[in-house]
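**Student:**
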Amino acid sequence: MLSLKITTIAAVVAGMSIAAPAALAEDYPSRTIEVIHSYGPGGGTDRFVRAVAVPFEEISGQSMVPISIQGGGGMPAFANFQQRRVDGYTLMAISPDQIIAHALGRISMDAFQPLARVQYDQGMIVVPADSPFQTIEEFIAHARENPGDLTVGITGAAGFDDTVMGLWNIETGAEVTTVPFGSSEMVSNTLGGQVDAMHEEYGPARGLIDSGDMRPLVVFSDERLPVLPDVPTAVELGYDVTLGRWRAFAMPADADPAHVETLYGLISEAVASDAYQEVQEQAALQFRSELLDPEEFQAFIEEEIEVYTRVLDALGLLN
Amino acid sequence: MLEAYGSALAYLFGNPSSFLLIIFSVIWGIAFGSVPGLTGIVGVALLIPFTFVFDPTAGLLLLSGVYVGSTFGGSISAILFNTPGSPEAACTALDGYPMAKKGQAGKALGIALASSAIGGIFGTIVLMLLAPPMAQFALNFGPAEYFALAVLGITAISAIGGGSILKGLVAGLLGLGIATVGLDPITGTERYTFGNLSLLTGISFVPAIIGTFALAEVLQRAGEKTSTAEVITDVSTKLPSMKEFMETRFTLLRSSSIGAVIGALPGVGATTAAFISYSEAVRWSKRPQDFGTGVAEGIAAPESANNSAVGGSMIPLLALGIPGSATTAVMLGGLTIHGIIPGPLLMETNTQLVYTVFIGMFIANILMLIFGIRAARYFALVLKAPYALVGPAIVVLCMTGVYALNSNIVDVGVMLAMGAFGFLLRKLRYPIASFVIGLVLGPIAERSLRQGLVISDYDYWDFVSRPITAVLLIASLLSLIYGFYGQWKRHRQDRGSPAATG
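Residue numbers (the numbering used here), protein chains in the order written: chain X, 1 to 319; chain U, 1001 to 1502.
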C-alpha cells in the first residue's frame, strides 16, 4: 500500500499518470493463474481452460491451470472463488449456468468482472432418422395442433436446455414437453425413439448426423452452419431463439483494471493462436465463437440476464 | 473382422512400445483406483494431455488400460480398510472387509482380483463380438426399463436383512430417503436442502459411502472394549484355492453378464452393475443370511460385474459415440481432441483403432491379474499393524480422499455426518447393505419413473405394459414375496431350534 502511494505520488509529481499502471502490469502475471470451474475434470469446460492454457503459457511464460470444484449446483466453486484473495491470479470459467443461478437468486453476477467470452456454441433440435418429421415446419405444425404432445430430451432440469426450449415454446407457440436426462441417456433415448427429439449442440451430435442416424431440423443461431447448409435457423423462420452455451473467463468484481487489461491481452493472443483454433475446430465450436472483450462481454451478460430471467419467470421457476 | 484383428495385431507388434504403455496404464490405474479420492476418472483425465504425443490409437490404449486397472484397484482399499477407493468398489466392501477382518485378507483380495479379471475378460469378449447388436439392444431401454431394473435391484432388500425384515426395510427406506435430498430431477425444485445451497446436488455418493463404511467402522472399533486385542494376529495372505474359486462360478457368470448389459446402458455404469449383481447374488444364494459377514460370492459378484461393465460401457462409446459411463465420457473428450469424431461410423472408419483397443483391453486384464497377485499379498500385510495405528490413518485417508474428489469441503462434512449415522445403524443392527442399495438405486428409480411418466403423459398402464418393463417388474414382485417368505421361514426355524440363534 505504501509503495503504491509513493508510486502514485511520484507519478503525479512527474506528471505521467500512465506510468503507474504500466509499471504494475509489467511484472504481472508472475506466477500460475488458477481458473476455478464447477465441472468435472476432462469435461467441456475443463478442456476449454486447458486448450487456452497451452498457448497462454507460451505467450506469457506463466501457466494457467483449471481447478475443478464439483457438486452443489456450482455453489461450492463460486464460494471458493469469492473466498480467495483478489490478486489477479484467480479466475472463474463461467457459462449460462451462472446467469441462471443469478436469475434464481442463488448468486450475483455483480461478483464478477467479465474478462473474455471465448466460446459460443449453438444448439439444434435433432430428431432420430425414423422420425416422421422431415422438416421443422412439420414439427411445428404438429406441436401447434397438439400442444405438449412432442417430447424433447434435454440435459439437466431447470437449467440451460430448459431455458432454450422454454424460449422456443414462448416464441413459436409450438409447445413441446422437455424430459431431463443425463447427456448420454438423452442421446440413447432419442436414438431409441423414447422421446421425439433432443436439444443438442452440433459438436457432440455430428457423429450421429454424419452417419445418418439423426437429422437436425433447426439451428438456434442467426446464421446457418456452413456444415449444415440445408438446416434453417430459427431466426429465418421468424423466431428469435439464438440462446447458446458459451464459455468465458471472469475475474472478481474488484479486480485491478490493469490486471484485467493485461490478462485480456494475453488471452486474446492465446485464443488467436493456431494451437487453440485447432482444438476449437475439432470440437466444432468455431462457427460463432467471437471473442468478446470485457466491455462487450459485460453488455452481453446484461442481455443474457434479461432473456434468462424472462424465460425462467414464464416457466414458473422464479418465485 | 479377421482382417481388422490382423491390422490391429500388426499395429501392436509394429509399435512394441504400446505394450509398455499398457503395462504402465494398468499400474497407474490400480494406483488411482486404490487411493480414495483419486478414482479412475481422475486417472484418465490427468493422462489426456499426455496422449497428445502419441497417435490416437496409443492414446486410447493408455486410457482404456487405466480404466481397466482402476476398476480393480478400488477393491484393495475397500477390502483392507472398508474405504472404497472409487464408487464402483463400494459394494465390494460389504463382504470384502468382513472377510479381511476374519484374518483372510489374502483370500478376499485374491477373490476380488480373479473375479475382476474374469469379469473384465468377459466384458471385453462381449465388446469384441457383440458391440453393434448390444448397442442396438441397449437403445430399447427407456426410462420405464431403467425404472424396472432399479426396482428389481431394490427388492433384494427383502432377502438381505440378517434377521429382521423390519430393520432391512427401514434401512432401505432411509437410503431411498437420503437419496431424495437435492434438486428434483425433473422440475429442478430444491428438496430437503433447508436453504443450504451446498446441498443442491444432494448428498454426494462417495462421501456418504466412505462415511457409513469406513468412518463408522473406525468409530465402532474405537468403542469396543477389547480394542487392545483387536490386532489381527493371524493375517493370512493365502490366495483362494481353485476349489474355493470354482464354487463361485455361477455367481461369476451371472454377475459378468449383468455387468456387460448394465455397462452398455448409457447413464448407469459399474457402480449400478456391482450393486444389482450383489442383489442377484443374495437372491440366488442358498444362504442369503450369510451375506455381509464375508462370503466369497459377496466379493465375486460385485467385482466381476464392475469389471465386466468396463467392457460394456465401451460398447455405446465405440458403436454409437455415446459414453456409457463417466470415465468413458472423459475418454470421448480425449478422442475429440485427437480429431476423431465419435459416432456410429467410428468402427468402420477407424477399424484399426477400435480393434487395437479391443486387444489392448484383453491384455490389460491379464496384466492386472499378474501384477495383482503379487500386490495382494503385500497389501494384505497392512492388517498386521495394530488397529490403534491403522484406525487413525483410515480417518485421515477418509478426510483427504473425500476432499480430493471434488475439492469441496462440504463433502467432508457430509462424510462425517454419515459416519455418525452409519455408526448408529451398526449399533442398532440395521443392515448397511440395504441402506446402500437404497442410496444407489433410489435415484435411478425415481428419475426414470418420473421421466417415463412425463413421456407417457402419466399413463401408468402404458408405462408398465412395455415388454421388458413388465418382465422385470413381475420378477421383482415374485422375488419380493419369495424373499419375505424365506426370511419368515428362517425366522420360524431359528425359533424352533434355540441352538441356531446367535
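We put the CB at the ideal spot given by N, CA and C, even for glycine.
#1: Consult DSSP for Ala25(X) and reduce its assignment to one of helix, strand or coil.
#2: To the nearest angstrom, how far is the alpha carbon of Glu1244(U) from that of Ala248(X)?
#3: Let me confirm a value: Thr242(X) is counted as buried when at least 16 other C-beta atoms fall within 10 Å, else exposed. Which label applies?
#4: Any C-beta of chain X sitting closer than 8 Å to the C-beta of Ile1373(U)?
#5: Anyone know if the C-beta pair for Gln113(X) and Ala258(X) falls short of 8 Å?
#6: So, are the CB atoms of Ile246(X) and Tyr89(X) less than 8 Å apart?
#7: According to DSSP, is His37(X) helix, strand or coil?
#8: Please list, in chain order, the chain U residues whose beta carbon lies closer than 7 Å to that of Glu351(X).
#9: Compare the C-beta of Gln1451(U) against all C-beta atoms of chain X and say whether one is closer than 8 Å.
#10: According to DSSP, is Gln82(X) helix, strand or coil?
#11: What is the rounded straight-line gap between the Cα of Val260(X) and the Cα of Ser108(X)?
#12: Contact between the stretch 1381-1401 of chain U and the stretch 1124-1133 of chain U is defined here as three or more beta-carbon pairs at a separation below 8 Å; is this criterion met?
#13: Using a Cβ-Cβ cut-off of 6 Å (strictly less than) and excluding sequence neighbours within five positions of Thr1155(U), which residues of its own chain qualify?
#14: Could you name the residues of the same chain whose beta carbon sits closer than 7 Å to that of Ile9(X), not counting the 5 residues immediately before and after it, in chain order?
#15: From Pro1498(U) to Lys1489(U), what distance separates their C-alpha atoms?
#16: Using a Cβ cut-off of 8 Å, which residues of the stretch 272-285 of chain X contact any Cβ in chain U, in chain order?
#17: Bridge partners of Glu1190(U), per DSSP?
#18: My guess is that Ile1258(U) and Glu1280(U) are in contact by the Cβ rule of under 8 Å, so how many angstroms apart are they, rounded?
#19: Counting only Cβ pairs nearer than 8 Å, list the residues of chain U close to Arg206(X).
#20: Just to confirm my understanding: we take Glu200(X), look at its own chain, exclude 5 residues before and 5 after, and list those with CB closer than 6 Å. What are they?
#21: Between Ala1229(U) and the rest of its own chain, which residues show a CB-CB distance below 6 Å, the 5 nearest in sequence each way excluded?
#22: Give the DSSP-derived three-state secondary structure of Ala248(X) in the structure shown.
#23: If contact means a Cβ-Cβ distance below 7 Å, which residues of the stretch 69-88 of chain X contact chain U?
#24: Between Ala174(X), Glu175(X), Gly173(X) and Ile209(X), which lies nearest to Thr190(X) when the distance is taken from Cα to Cα?
#25: List the whole-angstrom C-beta distance separating Glu1190(U) from Leu1200(U), where the pair is believed to meet the contact cut-off of C-beta under 8 Å.
#26: Quick one: what does DSSP say Glu200(X) is sitting in, helix, strand or coil?
#27: Sorted by chain position, which residues of the same chain lie with C-beta nearer than 8 Å to Asn1015(U)'s C-beta, five sequence neighbours on each side aside?
#28: Measuring only the C-alpha atoms, how far is Pro204(X) from Gln1451(U)?
#29: Evaluate Ser1017(U) with the Cβ neighbour count: other Cβ atoms within 10 Å of its Cβ, from every protein chain shown; 16 or more gives buried, anything less gives exposed.
#30: Should Asp87(X) be labelled buried (16 or more other beta-carbon atoms within 10 Å of its own) or exposed?
#31: Going by C-alpha to C-alpha distance, which of Gly1085(U), Ser1086(U), Gly1037(U) and Leu1113(U) sits closest to Ala1376(U)?
#32: What residues from chain X crowd round Asp1095(U), counting only those whose CB sits closer than 8 Å?
#33: Taking DSSP's pairing of strands, which residues face Gly153(X) in a bridge?
#34: Whole angstroms are fine: how far does the CA of Gly156(X) sit from the CA of Gly1294(U)?
#35: To the nearest angstrom, report how far apart Pro96(X) and Gly1269(U) are at their CA atoms.
#36: Interface residues of chain U around Thr262(X) at Cβ under 9 Å?
**Tutor:** So, from the data block:
#1: For Ala25(X), the pLDDT reaches just 49, beneath the cut-off of 50, and the residue's location in the model is therefore unreliable, leaving the point undetermined.
#2: 58 Å
#3: buried
#4: no
#5: no
#6: Note that residue 246(X) is Trp in the sequence shown here, rather than Ile. Going by C-beta atoms, Trp246(X) is not nearer than 8 Å to Tyr89(X).
#7: strand
#8: With chain X running from 1 to 319 in the structure shown, residue 351(X) is simply not present.
#9: yes
#10: helix
#11: 20 Å
#12: no
#13: Ser1476, Ser1479 and Leu1480
#14: Low confidence applies here, because Ile9(X) scores a pLDDT of 44, under 50, leaving its location unreliable and the question unanswered by this model.
#15: The pLDDT assigned to Pro1498(U) is 48, lower than 50, so where the model puts this residue is not dependable; a value taken from the coordinates is nonetheless given after this. One C-alpha to the other measures close to 15 Å.
#16: Val279, Gln282 and Ala283
#17: Leu1183(U)
#18: 6 Å
#19: Ile1341 and Gly1343
#20: Val126
#21: Residue placement at Ala1229(U) is flagged as unreliable, the pLDDT there being 43, under the threshold of 50; the coordinate-derived value follows with that caveat. The answer is none, since no qualifying residue turns up.
#22: strand
#23: Ile69, Gln70, Gly71, Gly72, Gly73, Met75 and Pro76
#24: Ile209(X)
#25: 7 Å
#26: strand
#27: Ala1058
#28: 23 Å
#29: exposed
#30: exposed
#31: Leu1113(U)
#32: What Asp1095(U) touches in chain X: nothing, since even the nearest Cβ is about 29 Å away.
#33: Val179(X) and Met198(X)
#34: 39 Å
#35: 29 Å
#36: Per Cβ cutoff of 9 Å: no residues; Thr262(X) is ~26 Å from chain U at best.
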